[in-house]
Amino acid sequence: MISRLTAIGFIVVLSASPALAQQCGGDFAQWKAGVRADAQAAGVGEKGLDALAGAKIDQEVLKRDRAQGVFSQTFIEFAGRMISSYRLTTGKANLKKYDAVFDRMEADYGVPRAVMTAFWALETDFGAVQGDFLTLNALVTLGHDCRRPELFRPQIVPLLTLIDTGVLPADVKGAWAGEIGQTQILPSDYLLRGVDGDGDGVVDLRRSEEDVIMTTGNKLLARGWKRGQPWMQEIRVPADMPWEQTGHSNKLPLSQWTAWGVTQRDGSPLRDNGLRAGVVLPMGHKGPAFLVYDNYDIYLQWNQSFIYTLTAAHLAARFAGDPKFDPRDPEQGLDRDQMKELQRRLEALGYDVGGVDGILGVNTREAVRSEQNKHGFPVDGWPTPRLLARL
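With positions in the sequence shown counted from 1, the corresponding number in this note's numbering is that position plus 112.
So this is what it looks like as structure tokens:
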């Protein structure tokens, strides 16, 4: 039932008025009228439209959107907090408990069970903490807000479709950013990728673990997961190498990394698997180091935070049998106030760092790499007090 309704409903949404989809701010009632027009064009009936009529701006959602300070932590701090003994123990228990479902998921979608389980752990502690925000209010709030409307505005009509068809109640609750269920799926993925894993005729991503496992595998495959290929591998880097060649997007043959002195974590030579990989250094060339393959890019589609995606990828590796990463001995980084000062100086030099927020995001890392190259520092994207002083 769901797949038929979605394929009709969501494709219409995407082809409906792009101008309306990009509107934000201004008079809320007028903006909501535009959403209603899109919903009607997509075939949403009175039940869904009535739910939209009662939707309101949630100031707490806006507050959460502006205050994501957790991402100002270092990779070692963030991973140390998120990869808890509870998540490791419970994850291993669930891998055993749902072994047969994972077998089906891997056969159908080619996504390793360890990868799915890591997202399940990090997003909701295996369904225990799914969020208490009214999902429709959250999406309306973020779709009307002008910070990132292009991400949230297109999710409203799919949610209204789910409500209208009775798949979800009008008062469904989830995360502050509009995700639903045990792996925090957005409404468009719920519609297009939802799989009835337990065979009861309903896709229930809040209460059915079988549906959650199968749907999450389907979502990752749809994002481009490559069957049978790795996602990440811990490595050891030499004291010196062409650091400007590092970065997740600069994927090179493993033979090239070997020629520059990169080895496996234990110092043994890399095993050339015929694939290309990039070297990521979340805390600079003296800190932990990883090879990342094409499948790692799927993590970045799930969440654009560098430290979240690297943590999720490493947790998956732990579930697959790898040991905890070696933190090594990274250079001292910047605290949040210093990071804001760095971003202000980078902006003054003409870089777009995505705003002064004290978070070492992708734009800030790239600006840092550029300045490191200019001033003769190792080009590893890790800002230090020494670099800040130079700027």
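Where is the CB? At the ideal position from N, CA and C, for every residue including glycine.
### Integer Cβ distance of residue 230 from residue 428, believed to fall under 8 Å
Locating residue 230 in the sequence shown gives position 118, counting from the first residue. Locating residue 428 in the sequence shown gives position 316, counting from the first residue. Sure, about 4 Å apart at Cβ, within 8 Å.
### Message
Across the segment 198 to 209 and the segment 284 to 300, are there enough close Cβ pairs to call them in contact, namely three or more that are closer than 8 Å?
### Response
Because the criterion of three Cβ pairs below 8 Å is not met, the segment 198 to 209 and the segment 284 to 300 do not touch.
### Message
According to DSSP, is residue 421 part of a helix, a strand, or is it coil?
### Response
The residue given as residue 421 occupies position 309 in the sequence shown. In the structure shown, residue 421 falls within a helical segment according to DSSP collapsed to helix, strand and coil.
### Query
Where DSSP assigns a beta bridge to residue 402, which residues make up the other side?
Residue mapping note: residue 402 aligns to position 290 of the sequence shown, counting from 1. Residue 402 has 346 and 392 as its beta-bridge partners, per DSSP.
### Query
Counting Cβ pairs, one atom from each stretch, are 3 or more of them under 8 Å apart for the segment 409 to 416 and the segment 145 to 155?
The segment 409 to 416, when compared against the segment 145 to 155, does not touch it at the 8 Å Cβ threshold.
### Message
Mapping the DSSP letters down to three states, classify residue 490 as helix, strand or coil.
### Response
Walking along the sequence shown from the start, residue 490 turns up at place 378. Secondary structure at residue 490: coil, using DSSP grouped into helix, strand and coil.
### Message
Please state the DSSP three-state secondary structure of residue 247.
### Response
The sequence position of residue 247 within the sequence shown is 135, counting from 1. Helix, per DSSP.
### Task
Quick one: give me the first and last residue of the alpha helix (DSSP H) that residue 189 is part of.
Within the sequence shown, residue 189 is the residue found at index 77, counting from 1. Where residue 189 is concerned, the enclosing alpha helix (DSSP H) stretches over 187 to 194.
### For residue 400 and residue 437, the rounded distance between their alpha carbons
Translated into the one-based positions of the sequence shown, residue 437 becomes position 325. Translated into the one-based positions of the sequence shown, residue 400 becomes position 288. Take the alpha-carbon of residue 437 and the one of residue 400: they are about 7 Å apart.
### Query
From residue 265 to residue 371, what distance separates their C-alpha atoms?
Stepping through the sequence shown from its first residue, residue 265 is reached at position 153. Stepping through the sequence shown from its first residue, residue 371 is reached at position 259. The alpha-carbon separation between residue 265 and residue 371 amounts to approximately 48 Å.
### Per DSSP, cross-strand counterpart(s) of residue 365
As a first step, residue 365 must be located in the sequence shown, where it is residue number 253. Per the DSSP secondary-structure output, residue 365 pairs in a beta bridge with 388.
### Query
Can you give the Cα-Cα distance for residue 113 and residue 238, rounded to whole angstroms?
Residue 113 sits at position 1 when you count from the first residue of the sequence shown. Residue 238 sits at position 126 when you count from the first residue of the sequence shown. Only weak support exists for where residue 113 lies, its pLDDT of 34 falling under 50; the coordinates are left without a value.
### Message
What would DSSP say about residue 498, mapped onto helix, strand or coil?
### Response
On the sequence shown, residue 498 is found 386 positions in, with the first residue counted as 1. Helix, per DSSP.
### Message
Less than 8 Å between the beta carbons of residue 404 and residue 374, yes or no?
### Response
Locating residue 404 in the sequence shown gives position 292, counting from the first residue. Locating residue 374 in the sequence shown gives position 262, counting from the first residue. No, Cβ-Cβ distance for residue 404 and residue 374 is not below 8 Å.
### Query
Under 8 Å, do residue 443 and residue 396 count as touching if we go by C-beta distance?
Looking up residue 443 in the sequence shown gives position 331. Looking up residue 396 in the sequence shown gives position 284. Between residue 443 and residue 396, the CB-CB gap stays under 8 Å.
### Task
Using three-state DSSP, classify residue 476 as helix, strand or coil.
Taking the sequence shown and counting its residues from 1, one reaches residue 476 at position 364. DSSP places residue 476 in helix when its eight states are reduced to three.
### Task
Mind checking which residues open and close the alpha helix (DSSP H) that includes residue 415?
If you number the sequence shown from 1, residue 415 lands on position 303. Where residue 415 is concerned, there is no enclosing alpha helix (DSSP H), because DSSP gives it neither an H nor an E.
### Message
Judging by CA-CA distance, which residue of 246, 500 and 391 is the nearest neighbour of residue 453?
### Response
As a first step, residue 453 must be located in the sequence shown, where it is residue number 341. Across the set 246, 500 and 391, the C-alpha of 500 shows the shortest separation from the C-alpha of residue 453.
### Task
Look up residue 285 in the DSSP assignment and say whether it is helix, strand or coil.
Translated into positions along the sequence shown, residue 285 becomes position 173. Reduced to three states, the DSSP call for residue 285 is strand.
### Query
Whole-angstrom Cβ separation of residue 203 and residue 337, contact assumed at under 8 Å?
What you label residue 203 is simply residue 91 of the sequence shown in a count that begins at 1. What you label residue 337 is simply residue 225 of the sequence shown in a count that begins at 1. No, residue 203 and residue 337 are not in contact; Cβ-Cβ is about 19 Å, not under 8 Å.
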